[in-house]
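So the sequence shown is numbered by the numbering used here: it starts at 441 and just counts up by one.
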Amino acid sequence: MIKVIHAADLYRRPVLAASMYRDRTAQFHDRLGWDAVSVDDMGLEFDQYDAFNPVYVIIEDEAGEHCASARLLPTTGKTMLNDHFSDLTGGVALSSP
Numbered sequence: 441m442i443k444v445i446h447a448a449d450l451y452r453r454p455v456l457a458a459s460m461y462r463d464r465t466a467q468f469h470d471r472l473g474w475d476a477v478s479v480d481d482m483g484l485e486f487d488q489y490d491a492f493n494p495v496y497v498i499i500e501d502e503a504g505e506h507c508a509s510a511r512l513l514p515t516t517g518k519t520m521l522n523d524h525f526s527d528l529t530g531g532v533a534l535s536s537p
């Protein structure tokens, strides 16, 4: 099932949230070796963009755990794409309006 959850409401889905942050650790910290991420004592990955009140689009399985997700932020503020992956846009910052 696909869920759209505002960051402020993520606490209402603790199993889903924890499994999402664990999967992010597995992908970004363990597999890709990114040093820009922070992993807490419970093995959950957070970064600075989680503090900007994103909207998460999360696919969950029947047990209520994370299968896939995307974090959405308005382009009027800081984004990972502009700050770390501007080569993907030819150096053009994505911003609107």
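Each residue gets a CB set at the ideal place from its N, CA and C atoms; glycine is no exception.
It should be emphasised that the depicted structure is a prediction, and the values quoted were computed from it without experimental measurement.
Separation of residue j from residue i, as counted between CA atoms
i, j, result
"SER552", "ASP463", "Residue coverage of the chain in this structure runs from 441 to 537, which leaves residue 552 outside it and unanswerable."
"THR465", "GLY517", "24 Å"
"ARG471", "LEU450", "25 Å"
"ALA457", "CYS507", "11 Å"
"MET520", "SER535", "12 Å"
"PHE525", "GLN467", "17 Å"
Nearest neighbour of residue i, chosen from the options [CA to CA]
i, options, result
"VAL455", "LEU534, VAL532, GLY504", "GLY504"
"VAL530", "PRO537, SER536, ASN522", "It should be noted that the sequence gives Gly, not Val, for residue 530. When only C-alpha atoms are compared, the closest one is ASN522."
"LEU512", "TYR451, ASP475, PHE492", "PHE492"
"TYR489", "GLU500, THR515, SER459, ASP501", "THR515"
"LEU484", "VAL497, HIS469, ILE498", "HIS469"
"ILE499", "SER459, ALA448, ARG452", "SER459"
"ASP475", "PHE486, MET482, ASP481", "PHE486"
"MET482", "TYR496, PRO494, TYR461", "TYR461"
"LYS443", "TYR496, ASP527, ALA533", "TYR496"
Three-state secondary structure (DSSP) of residue i
i, result
"PHE486", "strand"
"LEU521", "helix"
"ALA476", "coil"
"SER509", "strand"
Element boundaries [alpha helix (DSSP H), containing residue i]
i, result
"SER459", "454–464"
Span of the beta strand (DSSP E) around residue i
i, result
"GLU502", "No beta strand (DSSP E) holds GLU502; DSSP gives it neither H nor E."
"HIS469", "No beta strand (DSSP E) holds HIS469; DSSP gives it neither H nor E."
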